[in-house]
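Residue numbers (our numbering): 8 to 85.
Just so you know, even glycine gets a beta-carbon here, dropped at the ideal spot from N, CA and C.
Fair warning: this is a prediction, and the values are worked out from it, not measured in the lab.
First up is the structure itself, then whatever we jot down about it.
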């Protein structure tokens with residue numbers, strides 16, 4: 008799962024629960040502060056099947072064709 012504009016990671020954490028231990032979630036956000044916050048939350052919560060990358064939607068730091076589902080909540084309208 009790829010979450011565009013992942014912010015503090017809430018939707019990533021929900022997706023991580025859905026995909027289970029064999030699945031993987033990647034959160035991408037353009038702000039370093041949100042990436043830091045999301046990583047700290049993942050560590051505190053013990054969630055290991057999620058990663059956070061800083062980047063822009065127009066130039067994703069994710070390999071093409073490497074995800075099955077893309078989600079984005081309240082990003083494009085900003």
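- Burial state of residue 81 is exposed, judged by a 10 Å Cβ sphere holding fewer than 16 other Cβ atoms.
- With respect to residue 35, residue 10 sits close: the two C-beta atoms are nearer than 9 Å.
- With a cutoff of 9 Å on beta-carbon distance, residue 62 and residue 41 are scored as not near each other.
- Proximity to residue 29 across 54, 14, 64 peaks at 54, based on C-alpha coordinates.
- For residue 67, there is no enclosing beta strand (DSSP E), as DSSP marks it with neither H nor E.
- The alpha-carbon of residue 16 is positioned some 13 Å away from that of residue 39.
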